[in-house]
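Start counting the sequence shown at 4; every next residue gets the next number (my numbering).
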Amino acid sequence: MGTLQQLQHWSITHHPKWLVVLRIVLGFSLLLKGISFISNDASLQNILQQSIFSSQNWLVTLIPWAHLLGGSLLIAGLFTRWVVLLQIPILAGAFLLVLSQKGFMGAQSELGLSLMILVLLIVFFIEGGGPISLDDYFSRNPK
Numbered sequence: 004m005g006t007l008q009q010l011q012h013w014s015i016t017h018h019p020k021w022l023v024v025l026r027i028v029l030g031f032s033l034l035l036k037g038i039s040f041i042s043n044d045a046s047l048q049n050i051l052q053q054s055i056f057s058s059q060n061w062l063v064t065l066i067p068w069a070h071l072l073g074g075s076l077l078i079a080g081l082f083t084r085w086v087v088l089l090q091i092p093i094l095a096g097a098f099l100l101v102l103s104q105k106g107f108m109g110a111q112s113e114l115g116l117s118l119m120i121l122v123l124l125i126v127f128f129i130e131g132g133g134p135i136s137l138d139d140y141f142s143r144n145p146k
């Protein structure tokens with residue numbers, strides 16, 4: 004049995020139901036952040052221009068759409084681990100940007116929120132979608 008299969012088996016047998024609610028809330032928060040970035044892309048451009056990513060204009064398009072797609076798939080519980088793997092570098096970058104720009108205790112610092120979402124993404128990379136997800140449905144019904 005491979006490592007991924009062992010992780011999947013452990014996740015299915017040790018997944019409390021409240022984690023499903025937490026996964027859905029995390030998905031909605033990513034979805035709302037994606038909508039926020041799309042509706043006000045100047046704020047994201049401003050954040051990125053004050054960082055080492057100032058020449059990477061494609062990130063202004065990639066980040067909101069990754070949040071929209073990732074949030075939607077997390078809500079449904081489809082491709083959960085892959086979606087989380089896509090979101091972790093984005094949130095790690097957000098955490099480092101907020102830390103470098105505003106510090107730990109800066110006014111209106113989103114450091115705590117970025118750290119909490121990053122930790123939750125790591126948890127769902129380990130746990131997977133859980134018993135109430137499309138991942139679980141498709142693994143039980145392969146046809």
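Glycine residues also receive a C-beta, built at the ideal position from the N, C-alpha and C atoms.
In this text, all values refer to a predicted model and were calculated from it rather than measured experimentally.
Tell me the DSSP secondary structure of E130 in three-state form.
If DSSP states are grouped into helix, strand and coil, E130 belongs with the helices.
Using the three-state DSSP reduction, which class does G74 fall into: helix, strand or coil?
Correct three-state label for G74: helix.
Taking G37 as the reference, which of V23, Q90, L22, T6 has the closest Cα?
It is Q90 whose Cα lies nearest to the Cα of G37.
Do you know whose CA, among Q9, W21, L33, lies nearest M119's CA?
Residue L33 is the option with its Cα nearest to M119.
Kindly list the residues whose CB is nearer than 8 Å to the CB of L76, restricted to its own chain and excluding five residues on each side of it in sequence; keep chain order.
Closer than 8 Å at the Cβ level, and outside the excluded window around L76, lie G30, F82, T83, V86.
In its own chain, which residues sit with a C-beta less than 8 Å from the C-beta of A69, not counting the 5 before and 5 after it?
Cβ within range, chain order: G37, L89, Q90, I93.
Please classify K20: does DSSP put it in a helix, a strand, or coil?
Three-state DSSP puts K20 in coil, outside helix and strand.
Under 8 Å, Cβ to Cβ, is there at least one residue of chain D near Q53?
The question asks about chain D, but that chain is absent: this structure has only one protein chain.
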